[in-house]
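Chemist:
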Amino acid sequence: MDLTQCAGAWALVTGASSGIGREFCVQLAAAKMNLVMVARREALLEELAAELTAGHGIETRVIAADLALEDSAGKIQSRLARDGIQIRLLCNNAAAGRWGRFEQTEAEAYCEMIRLNTCAVVTLCHRMLPALSSHPSSAIINVSSPAAYQPVPYMAVYAASKAFVHSFSQALYGEWRARGVRVQTLVPGPTDTEFDAKAGAYDSALKGRAAPADVVRVALQQLGQDQPVVAAAKGLFKQRFFAGLFPPRTVIEQVGRMFRPPEGR
Ligand SMILES: NC(=O)c1ccc[n+]([C@@H]2O[C@H](COP(=O)([O-])OP(=O)(O)OC[C@H]3O[C@@H](n4cnc5c(N)ncnc54)[C@H](OP(=O)(O)O)[C@@H]3O)[C@@H](O)[C@H]2O)c1
6 MDLTQCAGAW ALVTGASSGI GREFCVQLAA AKMNLVMVAR REALLEELAA
56 ELTAGHGIET RVIAADLALE DSAGKIQSRL ARDGIQIRLL CNNAAAGRWG
106 RFEQTEAEAY CEMIRLNTCA VVTLCHRMLP ALSSHPSSAI INVSSPAAYQ
156 PVPYMAVYAA SKAFVHSFSQ ALYGEWRARG VRVQTLVPGP TDTEFDAKAG
206 AYDSALKGRA APADVVRVAL QQLGQDQPVV AAAKGLFKQR FFAGLFPPRT
256 VIEQVGRMFR PPEGR
């Protein structure tokens, strides 16, 4: 999909209230795409929508929704139908994580994370594909993570949820490539957003974080290319190589060492 041909078409971005999702909105608005912005913090969405409408003369819709709830995608679809909006770019970006020992987070919190990180992605793809395929070219960006490349002790559920997204999204690429819907699996490296603080991050071997603007620039630049997976950070191939070729015990030990919580946590 060529973004320069998409002025006036609609993009739907989940997790639009902060971080990478917010930056998707900023750069898509600069490309003159109209925006449907989804997240829970309505005030932040309204503020961004007003700024982008005034700055770029685009149309926006704000949908305050908790995507961990089962019927959210249905409500989003009803709102789009009511407003006569046919989405041309779906960006499944919203997600949450949790750092720390597995047993220290409630099981229900993990289930909520799984619903947000995986079920919402599947459901939105499923519901939006009829609209997406009504255009001559269209796209889905599903945001994955380097955590998808191998199990991550002390971030077990988040990493597993991203492994799901990584596999699902590439399979969808295979099914839809010949039918005009490009499915991109985006792998940001560590990025400077609210994500880690909200996930209860502690000091770890993970150092250096990219700006969300750089991640989104790479994703949108690659949208016109036939790339199932877009790695938006240098050196990710080394991690993939390590995870794929070394014995599981070595990989799990090394990664576990990186994310082990400090004593007493
Ligand atoms: N930051 C990193 O280092 C990094 C690295 C690799 C991959 N990623 C991936 O990048 C994506 C974006 O994360 P980010 O770093 O930009 O994090 P972020 O700043 O925390 O943004 C997460 C977004 O998701 C929304 N969200 C969270 N829970 C939600 C819910 N239940 N329903 C609806 N929206 C919800 C949040 O909005 P509300 O709170 O307003 O709902 C927010 O807009 C995620 O898929 C993440 O896994 C991040």
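Add 5 to a position in the sequence shown, counting from 1, and you land on the number used in my numbering. Yeah, the Cβ is synthetic: ideal placement off N, Cα and C, and Gly gets one too.
Following a CB-centred definition, is Cys46 positioned closer than 6 Å to any heavy atom of ligand 1?
Modeler: According to the sequence as given, residue 46 is Arg; it is not Cys. Under cutoff, so the answer is yes.
Chemist: Using the Cβ count rule (16 or more neighbours within 10 Å means buried), how would you classify Pro267?
Modeler: When all chains shown are included, Pro267 counts as exposed.
Chemist: Considering only the beta carbon of each residue, do Ile119 and Ser172 sit closer than 7 Å?
Modeler: Not closer than 7 Å, so no.
Chemist: Report, in whole angstroms, the separation of the C-beta atoms of Glu47 and Ala69, which I expect to be a contact under 8 Å.
Modeler: The pair is a contact, with the Cβ atoms about 4 Å apart (cut-off 8 Å).
Chemist: I'd like to confirm the pairing. Which residues does DSSP put opposite Arg66 in its beta bridges?
Modeler: Arg66 pairs with Val41.
Chemist: Does the Cβ-Cβ distance between Arg187 and Ala144 come in under 7 Å?
Modeler: Closer than 7 Å, so yes.
Chemist: Classify Pro217 as buried or exposed, calling it buried when 16 or more other Cβ atoms lie within 10 Å of its own Cβ.
Modeler: The residue in question, Pro217, is buried, as its Cβ has 16 or more Cβ neighbours within 10 Å.
Chemist: Any heavy atom of ligand 1 within a distance shorter than 6 Å of the CB on Pro195?
Modeler: Indeed, a heavy atom of ligand 1 lies less than 6 Å from the Cβ.
Chemist: Span of the alpha helix (DSSP H) holding Leu228?
Modeler: Note, Leu228: premise wrong, no alpha helix (DSSP H); not H, not E.
Chemist: Of all the options Ala204, Ala153, Cys124 and Tyr163, which has the alpha carbon lying nearest to the alpha carbon of Asp71?
Modeler: The shortest Cα separation from Asp71 among Ala204, Ala153, Cys124 and Tyr163 belongs to Cys124.
Chemist: Taking only three categories from DSSP, how would you classify Ile90?
Modeler: It is coil, neither helix nor strand.
Chemist: Would you report the Cα separation of Met133 and Glu111, rounded to the nearest angstrom?
Modeler: Going by the C-alpha atoms only, they are around 32 Å apart.
Chemist: Quick check on this structure: which residue in Asp219, Ser142 and Phe169 has the alpha carbon closest to the alpha carbon of Arg229?
Modeler: Here residue 229 is Gly; the residue named in the question, Arg, does not match the sequence. Gly229 has its Cα closest to that of Ser142, out of Asp219, Ser142 and Phe169.
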